[in-house]
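Residue numbers (this note's numbering): 19 to 299. Note sheet for the following structure.
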């Protein structure tokens, strides 16, 4: 779980130390409920724009930080709840004891550790990411630049998803951005901005105030911000993580569950949040 804060794919690989196959699969599937580095930028940005602005500038950074911390805690709780649910339903079995065998203590060989880390882990994971991200980038560009009756394919997909988005307190463009952000969570917010501005290319606006103006001009409210943060936390992991789940588990079935379970959880929680908000506001 702790490794998942850096990268969910690394967290999945870390599950190798679990002897029980059943518990290893549960840990791999629920690892994505811990926000990785790819999801922190959107959580921090949205929290700063919509939550931090509710208080004076003196306390805005503290409040937005606390909100992100609460989101993280919510993700951890959700991970434990889904783990318990899976252990009682799809992956029933006896709990095993955890034994971690400690090797003999030796003087660290720093050069060897760095070399093996780079070649065995870093380049391996980056290679997987590139293999998936490159074709996905082509798909995103094509959808943004192929027009049918003066409307690009990206807008057609967004319009199709808009009813579900409204039910979740979001919109079709947001859901489309999350779907197209499957290769890497970092591109979700640029995709949302690209869709609203109709630029046809990914953008990276450094000014948080400018991002806020674009989002508010396209109908974002405090509810939209909260549900985007919730969905960003609970939605399916990136493609690299899904491929890693398949490799570590040996079956696409578990990778598919690693996609479907978080997606359903994200949709249901956002629908509930949207319903509660409309009842009391």
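Backbone N, C-alpha and C define an ideal beta-carbon position, used for all residues, glycine too.
Contact between residue 249 and residue 196 holds, with the beta-carbon distance rounding to 7 Å and staying under 8 Å. With fewer than 16 other Cβ atoms inside 10 Å of its own Cβ, residue 181 counts as exposed.
Cα atoms of residue 27 and residue 260: separation of roughly 8 Å, rounded to the nearest angstrom. For residue 123, no alpha helix (DSSP H) encloses it, and the DSSP letter there is neither H nor E. The Cβ atoms of residue 291 and residue 187 sit closer than 8 Å to each other. Under the three-state reduction of DSSP output, residue 36 falls in the coil class, being neither helix nor strand. Residue 41 counts as buried, since no fewer than 16 other beta carbons sit within 10 angstroms of its beta carbon.
Cα atoms of residue 141 and residue 167: separation of roughly 44 Å, rounded to the nearest angstrom. The bridge partners DSSP lists for residue 169 are 166. Spatial neighbours of residue 59 in its own chain (CB-CB distance under 8 Å, excluding positions within 5 residues in sequence) are listed in chain order as 204 and 207. Between residue 212 and residue 61 the beta-carbon gap is near 20 Å, outside 8 Å, which marks them as no contact. Straight across, the Cα-Cα distance linking residue 52 with residue 76 is about 29 Å.
With 16 or more other Cβ atoms from the protein chains shown falling within 10 Å of its own Cβ, residue 280 counts as buried. CA-CA distance, residue 56 to residue 133, rounds to 25 Å. Restricting attention to 175, 39 and 49, the CA atom closest to the CA of residue 25 is found in 49. The straight-line gap separating the alpha-carbon atoms of residue 227 and residue 191 is approximately 20 Å. One Cα belongs to residue 79, the other to residue 268, and the distance between them is close to 44 Å. When only Cα atoms are considered, residue 23 and residue 251 end up about 11 Å apart. With contacts defined by Cβ atoms closer than 8 Å, residue 239 and residue 30 do not form a contacting pair.
Judged by DSSP in its simplified three-state form, residue 110 adopts coil rather than helix or strand.
If only complete runs of 4 or more residues are kept, the segment 188 to 228 shows the alpha helix (DSSP H) at 190 to 198 and 206 to 215, in order along the chain.
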